[in-house]
Amino acid sequence: MSNPITKYLPFFTDAEVPHTVSARPDTGLYSAKLGIWLFLASEVMLFGGLFSAYIFLRLGAEPGYWPAGLLNVPVGTMNTAILIVSSITVVMAWAALKMRQLGKYKLYMLVTIVCGLIFLTVKLSYEWPAKFNHFGVFIKKEEASKYEEFLGNKHLKDTGQSPRWEISGHLLDAPKGSHYAHQAEHNAEHFAHETGRHDAVTPAEDDYVIQLDAVNANPSDKENDRPHFWPVPTSTKLAVIKASDVESASVFAPRHSTYFATYFLITGLHGLHVLGGIIVFLYLWLPFRGGTQLYKTNPEHLANRVEIAGLFWHFVDLVWIFVFPIFYLL
Amino acid sequence: MSLKAFHLVFILVSILFSAGMALWAFKTGASDGLGLGCSAASVLMAVYCVRFVIKSKSIIT
Numbered sequence: 001m002s003n004p005i006t007k008y009l010p011f012f013t014d015a016e017v018p019h020t021v022s023a024r025p026d027t028g029l030y031s032a033k034l035g036i037w038l039f040l041a042s043e044v045m046l047f048g049g050l051f052s053a054y055i056f057l058r059l060g061a062e063p064g065y066w067p068a069g070l071l072n073v074p075v076g077t078m079n080t081a082i083l084i085v086s087s088i089t090v091v092m093a094w095a096a097l098k099m100r101q102l103g104k105y106k107l108y109m110l111v112t113i114v115c116g117l118i119f120l121t122v123k124l125s126y127e128w129p130a131k132f133n134h135f136g137v138f139i140k141k142e143e144a145s146k147y148e149e150f151l152g153n154k155h156l157k158d159t160g161q162s163p164r165w166e167i168s169g170h171l172l173d174a175p176k177g178s179h180y181a182h183q184a185e186h187n188a189e190h191f192a193h194e195t196g197r198h199d200a201v202t203p204a205e206d207d208y209v210i211q212l213d214a215v216n217a218n219p220s221d222k223e224n225d226r227p228h229f230w231p232v233p234t235s236t237k238l239a240v241i242k243a244s245d246v247e248s249a250s251v252f253a254p255r256h257s258t259y260f261a262t263y264f265l266i267t268g269l270h271g272l273h274v275l276g277g278i279i280v281f282l283y284l285w286l287p288f289r290g291g292t293q294l295y296k297t298n299p300e301h302l303a304n305r306v307e308i309a310g311l312f313w314h315f316v317d318l319v320w321i322f323v324f325p326i327f328y329l330l
Numbered sequence: 331m332s333l334k335a336f337h338l339v340f341i342l343v344s345i346l347f348s349a350g351m352a353l354w355a356f357k358t359g360a361s362d363g364l365g366l367g368c369s370a371a372s373v374l375m376a377v378y379c380v381r382f383v384i385k386s387k388s389i390i391t
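So the protein lines, in turn, are chains A and B.
When we follow the working numbering, the leftmost residue of the first sequence carries the number 1, and every step to the right adds one.
When we follow the working numbering, the leftmost residue of the second sequence carries the number 331, and every step to the right adds one.
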């Protein structure tokens, strides 16, 4: 039976591809290794550009407009640990192939794939959705004094900290015609169910009602001046904010602020790289011609493929080691 | 650079990251438990790093 690839795409031939196992005499590397390092060099430029953009945007941000402490640090820490473990298991999978232990290779590769899937699942089903249900309003500076009890700028000034212009929490009521009316209605029902209070919806049609985050519920509390590892629960205190006093209002989505725009861009791009790595690992793990079937005919070639995929995976994990502290901790 | 060498670089960066996070946790008062956990993780990874170098000598060139 003829090869369907060469039949329909005649420029592909069945010719032997050179230097898949042996090193090229001119470079001293097998071809794929040179290829992956050229690719990783382009990736360094891609992520390097984004990190540079982040640094300049952060340095140029007006005081009080760069949020902090809004991400879930324990979840981020767990995801970081998962990626570090997956880097160890991918090296073990490669070493197992070098020792011609197919069973161990399959096991370690499976663990690597599962780690990658856990990382993506946590990100897409927990971390990101939690942000899309969190709401923040930036108060106009000239109206900020009206909301001092929620902003605590006197305390921040006295302690030499940047001012605060945002009031955040869960939206319980939104001005008429707002995009967030449905979400507010859902949150208000939940709030009433949890607390037995039904005062979250105001008769005024141009008010935002927010169930406050701890930082806005007690803005002068010294406990709020330091970062917290474990997320502090939302308080039951409510703030009513007039729409005319609001500069901008949004859930914690890219439109909320430059911080969240860069957060979603960089973590989203990183997530796509993790997905790409998982697909390649699955191909090498399943009994495809280029996957574990290759072990029967040329185990060293399979080991080289795993090494290449492993180099990519290490790069992706290394990027996360930089992403995590700059977004979650600093 | 082989996967072995890149893995060593990655583990060294992870050790530095873990130590940095421990420092952050202690200095800011975010969580002493986290600080201790990250310190322990740094030590464990350093031990792993040494063991990896020794063991991989005979397996991976």
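Ideal Cβ positions, reconstructed from N, Cα and C, are used throughout, including at glycine.
Could you compute how far the alpha carbon of residue i sits from the alpha carbon of residue j?
i	j	result
residue 203 (chain A)	residue 240 (chain A)	11 Å
residue 353 (chain B)	residue 222 (chain A)	21 Å
residue 319 (chain A)	residue 201 (chain A)	44 Å
residue 75 (chain A)	residue 17 (chain A)	45 Å
residue 356 (chain B)	residue 327 (chain A)	19 Å
residue 91 (chain A)	residue 185 (chain A)	50 Å
residue 82 (chain A)	residue 331 (chain B)	24 Å
residue 172 (chain A)	residue 234 (chain A)	13 Å
residue 139 (chain A)	residue 113 (chain A)	45 Å
residue 109 (chain A)	residue 208 (chain A)	50 Å
residue 380 (chain B)	residue 125 (chain A)	37 Å
residue 244 (chain A)	residue 197 (chain A)	26 Å
residue 277 (chain A)	residue 55 (chain A)	27 Å
residue 19 (chain A)	residue 301 (chain A)	10 Å
residue 299 (chain A)	residue 333 (chain B)	17 Å
residue 383 (chain B)	residue 213 (chain A)	48 Å
residue 280 (chain A)	residue 122 (chain A)	21 Å
Quick check on DSSP: helix, strand or coil for residue i?
i	result
residue 70 (chain A)	coil
residue 246 (chain A)	strand
residue 256 (chain A)	coil
residue 103 (chain A)	helix
residue 138 (chain A)	strand
residue 116 (chain A)	helix
residue 148 (chain A)	helix
residue 200 (chain A)	coil
residue 240 (chain A)	strand
residue 251 (chain A)	strand
residue 16 (chain A)	coil
residue 218 (chain A)	coil
residue 83 (chain A)	helix
residue 111 (chain A)	helix
residue 270 (chain A)	helix
Starting from residue i, follow the beta strand (DSSP E) in both directions and report where the run begins and ends.
i	result
residue 336 (chain B)	Note, residue 336 (chain B): premise wrong, no beta strand (DSSP E); alpha helix (DSSP H) at 333-358.
residue 49 (chain A)	Segment 31-60 is the alpha helix (DSSP H) holding residue 49 (chain A); no beta strand (DSSP E) there.
residue 172 (chain A)	166-173
Could you spell out the range, first to last residue, of the alpha helix (DSSP H) harbouring residue i?
i	result
residue 211 (chain A)	Note, residue 211 (chain A): premise wrong, no alpha helix (DSSP H); beta strand (DSSP E) at 207-212.
residue 365 (chain B)	362-389
residue 318 (chain A)	299-324
residue 189 (chain A)	181-195
residue 130 (chain A)	128-132
residue 154 (chain A)	153-158
Could you check which residue in the options has the C-alpha nearest to that of residue i?
i	options	result
residue 310 (chain A)	A:51, A:24 and A:89	A:89
residue 315 (chain A)	A:87, A:200 and A:192	A:87
residue 317 (chain A)	B:375, B:343 and B:334	B:343
residue 98 (chain A)	A:313, A:304 and A:326	A:304
residue 46 (chain A)	A:186, A:265 and A:281	A:265
residue 128 (chain A)	A:284, A:35, A:72 and A:290	A:72
residue 67 (chain A)	A:159, A:165, A:247 and A:55	A:165
residue 177 (chain A)	A:20, A:205 and A:211	A:205
residue 216 (chain A)	A:251, A:307, A:169 and A:187	A:169
residue 142 (chain A)	A:136, A:134, A:135 and A:153	A:153
residue 146 (chain A)	A:135, A:246 and A:180	A:246
For a contact defined as C-beta to C-beta under 9 Å, what are the partners of residue i on chain B?
i	result
residue 314 (chain A)	333, 336, 337, 339 and 340
residue 299 (chain A)	Here the premise fails: no neighbours, minimum Cβ distance about 14 Å.
residue 325 (chain A)	347, 350, 351 and 354
residue 87 (chain A)	337, 340, 341 and 344
Cβ closer than 7 Å: which chain A residues qualify as neighbours of residue i?
i	result
residue 344 (chain B)	84 and 321
residue 364 (chain B)	229
Check the Cβ of residue i against every Cβ in chain B and list those closer than 7 Å, keeping chain order.
i	result
residue 310 (chain A)	333
residue 91 (chain A)	333 and 337
residue 318 (chain A)	340 and 343
Check whether the Cβ of residue i lies closer than 7 Å to any heavy atom of the ligand COA, and answer yes or no.
i	result
residue 166 (chain A)	In terms of ligand content, the structure shown is empty, and the ligand COA therefore cannot be addressed.
Using a cut-off of 8 Å between C-beta atoms, extract the partners of residue i located in chain B.
i	result
residue 226 (chain A)	358, 359 and 360
residue 220 (chain A)	Within chain B, no residue comes near residue 220 (chain A); the closest Cβ sits about 18 Å away, beyond 8 Å.
residue 99 (chain A)	389
residue 307 (chain A)	332 and 333
residue 233 (chain A)	Residues of chain B passing the Cβ test: none, with the nearest at roughly 16 Å.
residue 329 (chain A)	351 and 354
List, in order along the chain, the chain A residues whose C-beta lies closer than 8 Å to that of residue i?
i	result
residue 386 (chain B)	95
residue 355 (chain B)	229
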